[in-house]
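Line by line, the protein sequences give chains A and B. Residue numbers 1 to 254, in my numbering, belong to the letters of the first sequence in order. Residue numbers 255 to 508, in my numbering, belong to the letters of the second sequence in order. Positions of the beta carbon are idealized from the N, C-alpha and C atoms, including for glycine. Quick caveat: nothing in here was measured; it's all calculated off a predicted structure.
There are 2 protein chains.
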Amino acid sequence: MISVVIVGTGNVAQNLFHAFQKSADVNVKQVIGRNKEHLAFVKDDALISTEFTSDITADVYILAISDDAISTVAEYFKDVDGLLVHTSGATSVKALKSVLRPGIFYPLQTFTKGKIISFDDIPMCVEATNENDLNLLKQLGNALSNTVVEINSEQRKALHIAAVFVNNFTNYMYTMGSDICVEHNLDFSLLQPLIKETAAKLDALTPLQAQTGPAKRGDQQTLHNHLQIIKDKHQRELYTLLSNAIKEKHGKEL
Amino acid sequence: MISVVIVGTGNVAQNLFHAFQKSADVNVKQVIGRNKEHLAFVKDDALISTEFTSDITADVYILAISDDAISTVAEYFKDVDGLLVHTSGATSVKALKSVLRPGIFYPLQTFTKGKIISFDDIPMCVEATNENDLNLLKQLGNALSNTVVEINSEQRKALHIAAVFVNNFTNYMYTMGSDICVEHNLDFSLLQPLIKETAAKLDALTPLQAQTGPAKRGDQQTLHNHLQIIKDKHQRELYTLLSNAIKEKHGKEL
Chain A
1 MISVVIVGTG NVAQNLFHAF QKSADVNVKQ VIGRNKEHLA FVKDDALIST EFTSDITADV
61 YILAISDDAI STVAEYFKDV DGLLVHTSGA TSVKALKSVL RPGIFYPLQT FTKGKIISFD
121 DIPMCVEATN ENDLNLLKQL GNALSNTVVE INSEQRKALH IAAVFVNNFT NYMYTMGSDI
181 CVEHNLDFSL LQPLIKETAA KLDALTPLQA QTGPAKRGDQ QTLHNHLQII KDKHQRELYT
241 LLSNAIKEKH GKEL
Chain B
255 MISVVIVGTG NVAQNLFHAF QKSADVNVKQ VIGRNKEHLA FVKDDALIST EFTSDITADV
315 YILAISDDAI STVAEYFKDV DGLLVHTSGA TSVKALKSVL RPGIFYPLQT FTKGKIISFD
375 DIPMCVEATN ENDLNLLKQL GNALSNTVVE INSEQRKALH IAAVFVNNFT NYMYTMGSDI
435 CVEHNLDFSL LQPLIKETAA KLDALTPLQA QTGPAKRGDQ QTLHNHLQII KDKHQRELYT
495 LLSNAIKEKH GKEL
């Protein structure tokens, strides 16, 4: 049984808390948050603390807080004997340099306010400074997920950038699609099966293989027609840039 | 029972054929393709023709062929009494001006070579020039799908552009993510749960609500760090453009 203290009250903290509660291998000893109201997701009052220090002994302390607070909050825990990890994709393990046993416990997923999701398929990316700590984090990861991978800080930052492309930027493509639908009195939900199939294609194909569309085909007529219809300056710029990029990637003449 | 002739041998033609074969309400009388080998998906030889004309009488003739061939091939069918439709999102109904009863039967989905998918959730976008023909297409659509919508040529073109954003451009974001993974010795499959959840979020949220990430948060430090890591000129350009667009969309100061 691995004992943990969770620091934070956001989407990651809440999802970790609920997932740990379901695991027979993990005992959540405390959840710490500055604001008591934000700790309402912890039904058991005995587990709650509003002090950013811990007099509770645990195997792992998890800082599930915003990136820019990590090094400051880590200072409060510099004397704990347990492993102290953060859950950020973008932050180096060096942000925890004040603590005795630093590590990373990064769930590669997007978390939504109020939505509790299963960790079964979420890759847990772990990093530590020695073999024992690494094994402990792997054990903790395995208590939640079927995919636990050791990834160093360099790789994790690259993975986070890749995540920005496939998640944040993809969602922005959805936003553009939605804007176009609104402008033409179309129900955006018509595009949902397409959106899901676009993601599902990757089960069998690489993104390079899965690419379709007028730019991929080098279909100048359709590209031209589309640009005649798109009025919004920003959408035109994006349409042109991405179409050219796809043409170039797939070896079509520009 | 609606009788149909399918013209074409590509992904759309193959998927339509298989879906119609499963429906008790539709009878495929013929599948026409120039190349006999490409007609191998039709197991029954009696249904096959390599002549781009039809002496077979059917209620609906479906041109599931490339956009630029539509008006030429339509000419061959100008004397048929049945309804003649194409399946293209980008092509106006005017491309069928030579035929007696033109219409559109546009499945809003991405089709992959060799992959047969269910039409249950695929929006079938239909258009015709009179009420009777429209009703026939709605009936045909309902034989395949739970979602049949009447959409005019203007709207369909806009929908197709929206589809380019959420499908083709999204897939390009996946490609960038994959490139970054390869560069840093990371397995792209680590990103798959994230990609699926990004799409699944739209079940409950609009894309505007679903937006997350450093640009949305206005997290300059992470944006700066990412740009220090991204070496590829094209990726940097894309990262900057899309981050600024997200910041602007969500009212963050540039």
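In chain order, S98 place their CB closer than 6 Å to the CB of E75/A, counting only its own chain and leaving out the 5 sequence neighbours on each side. Taking a C-beta cut-off of 9 Å against chain A, the contacting residues of the segment 426 to 438 of chain B are Y426, M427, Y428, T429, M430, G431, S432, D433, I434, C435, E437 and H438, listed in chain order.
DSSP lists no beta-bridge partner residue for Q489/B. With respect to chain A, the C-beta atom of T466/B has a partner C-beta closer than 8 Å. Here DSSP, grouped into helix, strand and coil, assigns M1/A to coil. Here DSSP, grouped into helix, strand and coil, assigns N35/A to coil.
DSSP, reduced to helix, strand and coil, places H414/B within a helical segment of the structure shown.
By a beta-carbon distance limit of 8 Å, L492/B contacts M430/B. Their separation comes to about 7 Å. Residues of the segment 436 to 457 of chain B that bring their beta carbon within less than 9 Å of a beta carbon in chain A comprise E437, H438, N439, L440, D441, F442, S443, L444, L445, Q446, P447, L448, I449, K450, E451, T452, A453, A454, K455, L456 and D457, in sequence order. Runs of beta strand (DSSP E) with 3 or more residues, each lying fully within the segment 421 to 503 of chain B, are absent. Against A469/B, the close residues of chain A are N168, in the order they occur along the chain (beta-carbon pairs closer than 7 Å).
Not a single CB atom of chain A sits nearer than 8 Å to the CB of V266/B. Using a 10 angstroms sphere on the CB of M173/A, the tally of other CB atoms reaches 16 or more, which defines it as buried. Residues of chain A whose Cβ lies closer than 8 Å to the Cβ of L388/B do not exist; the shortest such Cβ separation is about 18 Å.
If you look at E51/A, you'll find it isn't in any beta strand (DSSP E); DSSP assigns it neither H nor E.
Around D374/B, the same chain offers S399 and N400 as residues with beta carbons nearer than 7 Å, after the five sequence neighbours per side are excluded. The C-beta of A95/A comes no closer than 8 Å to any C-beta of chain B.
Shown here, I104/A sits in a strand according to DSSP, grouped into three states. DSSP, read as helix, strand or coil, puts N146/A in coil. At a C-beta separation below 8 Å, T476/B has these neighbours in chain A: D67 and A90.
In terms of CA proximity to E197/A, I376/B leads the group N389/B, K487/B, K485/B and I376/B.
Taking a contact as a CB-CB distance under 8 Å, the pair A312/B and K276/B does not count as one, their CB atoms being some 18 Å apart. When 9 Å is used as the limit between beta carbons, D473/B is near these residues of chain A: S66, D67, D68 and A90, in chain order. Between I104/A and chain B, the shortest Cβ-Cβ separation is not below 8 Å.
Under the DSSP definition of a beta bridge, H18/A lacks any partner. The residue from T466/B, L338/B, H488/B and N396/B with its alpha-carbon nearest to that of P356/B is L338/B. For I62/A, there is no enclosing alpha helix (DSSP H); the residue is found in the beta strand (DSSP E) stretching over V60 to L63.
Counting of Cβ neighbours within 10 angstroms places E381/B among the buried residues, the total reaching 16 or more.
Note that the C-beta distance between V93/A and M124/A is not below 8 Å.
If the five residues before and after R236/A are omitted, its C-beta is found closer than 6 Å to the C-beta atoms of I230, all from its own chain and listed in chain order. Of the candidates D321/B, H504/B, T326/B and F419/B, H504/B places its Cα closest to the Cα of R471/B.
Sequence-distant partners of Q363/B (beyond 5 residues in either direction) whose C-beta falls short of 6 Å from its own C-beta, in its chain, are I376. Of the residues G141/A, L241/A and N35/A, the one whose Cα lies closest to the Cα of I62/A is G141/A.
With fewer than 16 other CB atoms across the displayed protein chains lying within 10 angstroms of its CB, G114/A is exposed.
With its beta carbon less than 8 Å from one in chain B, L159/A belongs to the interface.
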